[in-house]
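Visitor:
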Amino acid sequence: MSDSQQTAPFDYIIFGATGDLMMRKLIPALYNQLRVGHVPEEARIIGSARSKLDNEEYRQRAREALNRFLPDAHKDADLIERFLKKIQYIAIDSTKYESNWGGLKEILAQSPDDRIRVFYYSTAPQLFEAISENLHAHGLITKQSRVVLEKPIGTNSETARAINDGVSRFFEEGQIFRIDHYLGKETVQDIIALRFANPLLQAVWSGEYIKSIQITAAETVGVEGRAAYYDTSGALRDMIQNHLLQVLSLCAMEAPSSLEADAIRDAKVNVLKALRPIPEDAVSAETVRAQYVQGTMNGEKVPGYLEELGEESHTETYAAMRAYVDTPRWKNTPFYIRTAKRSAHKLSEVVVTFKEGTSKLFGGTPGADRLVIRLQPNEGFGLSINVKNPSAAGFGLQRTALDGRFAPADGSLIPDSYERLMLDAVRGYPALFIRRDEVEAAWAWVEPTLNAWAADKAPMGHYAAGSYGPEQARQFTAQTGDQWHEDMAD
């Protein structure tokens, strides 16, 4: 289904509606969809949390969020007020049967019985089952209902299964939309287009021609106000288990039989199940973990992770893993995955390094061609290739880059991922959401590493804030004759 199609009227009920995600992402996303004409006039947004607020108090919070987080080009005072009129708020303790569920039922009863209802759980995952049970107990789940589950879905395989089982008691799998905002990024979706719409790349997209693929998601920020939460999660759980394994699966999957949701998800889960296990006794060789220490960012000193946390911790803020996909296409081709807080630069990218050529025509082996897919910022791609150096005698070579941008043809801004995903849930289009078997396959692969790290079977490295990571990470790639992108000559 195209995202340009008119959306049917809906009621969006969001639990955790006073939280940071709601204000920073969800409210601006729904406003922007109204701005471009994708939200019908009859649509309503119902926020719920434990805080005692009336509609006007909540709308004022939403107004402040829009003014703070919207790009100036998207701000329209009249449209903002029109949008705010769609918002209602109701205080509910979602864990308690006797809370104000009757009030929510009265609000929803104002809509026709066949109105689409989307319940969005922007809460701690341990609340998902209780919210679902209370919605069911009060007769609020209809055939036209969907539920959106925000990450993380658990902290390991056991808790992920428990959460999935708990929600599945009350919703069918086809009603459950497990969101991973990385899949909503246009640039991540472009991996599918680059691979399967371009015969030039399709012909060489395998371990026969590709030496390695590295996937990076680095942030310049530290943990700031999220230190308490982050210390229970860490970089591997926070980024690799979900976002980066999803990107890896798009890079490594076979061509899906179609662009329908289950065809794409079948292709992805086949990759996740083909990941070569990393046994606990191999974790120290196949992974790197580290914490940032005091360093310099933009000319200013910043504290280390333990200083921000205020206590001792063995939680990693940097994680790197070497993965192998045991399929004929990728036999023994390394995939490097890494993520970091307090990195030198904020970027998410995929770097595909091709094998060096064998021609001796130019007095030596030409350098390897390299494709860089920039997921954010400066969304686009660069292809580094060899060309003749016009100032050299004979046929001396030099490197040059072919650069392209992922941008709408009309010059507009690339939409935020939540804009696409929130309305895909309304439309019942699940291709960019994660199926249960994907979640559980991803946890199954990372769990031995988590267990080994918890038992201190791999050393904890350190890196200065404002750097690219620990020295161990460079040694890690050198073991297989590879380099991280920042260390490459081009």
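In terms of our numbering, the sequence shown opens at residue 2 and continues consecutively.
For every residue, glycine included, the Cβ atom is placed at its ideal position computed from N, Cα and C.
Give the single residue among Pro431, Ala50 and Ala286 whose Cα lies nearest to the Cα of threonine 481.
Guide: Checking every option, the nearest Cα to that of threonine 481 belongs to Ala286.
Visitor: Nearest-angstrom Cα distance between isoleucine 211 and arginine 406?
Guide: 23 Å
Visitor: Work out the CA separation of alanine 161 and tryptophan 479 for me, nearest whole Å.
Guide: In the sequence on display, residue 479 carries alanine and not tryptophan. Distance between the alpha carbons of alanine 479 and alanine 161: 35 Å.
Visitor: Assign histidine 182 to one of two classes, buried (16 or more other C-beta atoms within 10 Å of its C-beta) or exposed (fewer than that).
Guide: buried
Visitor: Hey, leucine 237 and valine 440 are a contact pair by Cβ (cut 8 Å); roughly how many whole angstroms apart?
Guide: Wrong, their Cβ atoms sit about 15 Å apart, outside the cutoff.
Visitor: Aspartate 370: buried (16+ other C-beta within 10 angstroms of its C-beta) or exposed?
Guide: buried
Visitor: Threshold first: 4 residues or longer. Then list the alpha helix (DSSP H) segments lying entirely within the segment 60-108, N to C.
Guide: 78-85
Visitor: Starting from serine 219, trace the beta strand (DSSP E) in both directions and tell me its first and last residue.
Guide: Note that residue 219 corresponds to alanine in the displayed sequence, not to serine. First-last of the beta strand (DSSP E) with alanine 219: 211-219.
Visitor: Would you call the CB atoms of phenylalanine 171 and serine 133 closer than 7 Å?
Guide: Cβ distance < 7 Å, so phenylalanine 171 and serine 133 count as in contact.
Visitor: Within 10 angstroms of the Cβ of aspartate 417, are there 16 or more other Cβ atoms? Answer buried if so, exposed if not.
Guide: buried
Visitor: In terms of alpha-carbon separation, which member of Glu99, Glu159, Leu372 and Ala110 lies closest to leucine 201?
Guide: Leu372
Visitor: Using beta-carbon positions only, say whether valine 427 and isoleucine 108 come within less than 7 Å of one another.
Guide: no
Visitor: Rounded to a whole number of angstroms, what is the C-alpha to C-alpha distance between glutamate 357 and leucine 398?
Guide: Using only the alpha carbons, I get a separation of about 14 Å.
Visitor: So histidine 137 is in the alpha helix (DSSP H); what residue range does that whole segment cover?
Guide: 129-138
Visitor: If you drop the 5 nearest sequence neighbours on each side, which residues of the same chain put their C-beta closer than 6 Å to that of glycine 381?
Guide: Arg375, Gly405, Arg406 and Phe407
Visitor: Leaving out five residues before and five after threonine 124 in sequence, what residues of the same chain have Cβ atoms less than 6 Å from its Cβ?
Guide: Phe16 and Gly17
Visitor: Can you have a look at leucine 35 and say buried or exposed, based on whether 16 or more other CB atoms are within 10 angstroms of its CB?
Guide: Flag for leucine 35 reads buried.
Visitor: Excluding the five sequence neighbours on either side, which residues of its own chain have a C-beta within less than 7 Å of the C-beta of glutamate 495, listed in chain order?
Guide: Nothing in the structure corresponds to residue 495, since the chain is present only between 2 and 491.
Visitor: Report all residues from its chain with a CB closer than 7 Å to the CB of methionine 2; omit the five preceding and five following residues, and keep chain order.
Guide: Unreliable positioning characterises methionine 2 in this predicted model, as indicated by a pLDDT of 36, which lies under 50. The coordinate reading is nonetheless provided below. Only Arg428 and Tyr430 meet the Cβ criterion.
Visitor: Do the segment 94-108 and the segment 133-145 make contact, defined as three or more Cβ pairs closer than 8 Å?
Guide: yes
Visitor: In chain order, what residues of the same chain lie with their CB nearer than 8 Å to the CB of histidine 486, ignoring the 5 residues before and after it?
Guide: Gln215, Thr217, Glu350, Val352 and Val373
Visitor: Provide the residue span of the alpha helix (DSSP H) that contains aspartate 166, from first to last.
Guide: The continuous alpha helix (DSSP H) containing aspartate 166 extends over residues 158-169.
Visitor: Determine the extent of the beta strand (DSSP E) in which aspartate 12 is found, giving its start and end residues.
Guide: 11-16
Visitor: What does the alpha-carbon distance come out to for the pair serine 250 and arginine 179?
Guide: Each residue's alpha carbon lies about 17 Å from the other.
Visitor: According to DSSP, is methionine 23 helix, strand or coil?
Guide: helix
Visitor: For the beta strand (DSSP E) containing leucine 348, list its first residue and its last residue.
Guide: Taken as a continuous stretch (DSSP letters only), the beta strand (DSSP E) holding leucine 348 covers 348-355.
Visitor: Does DSSP classify alanine 198 as helix, strand or coil?
Guide: coil
Visitor: Rounded to a whole number of angstroms, what is the C-alpha to C-alpha distance between lysine 458 and alanine 321?
Guide: 15 Å
Visitor: As a quick exercise: from Ala44, Glu159 and Glu173, pick the residue whose alpha carbon is nearest that of valine 148.
Guide: Glu173
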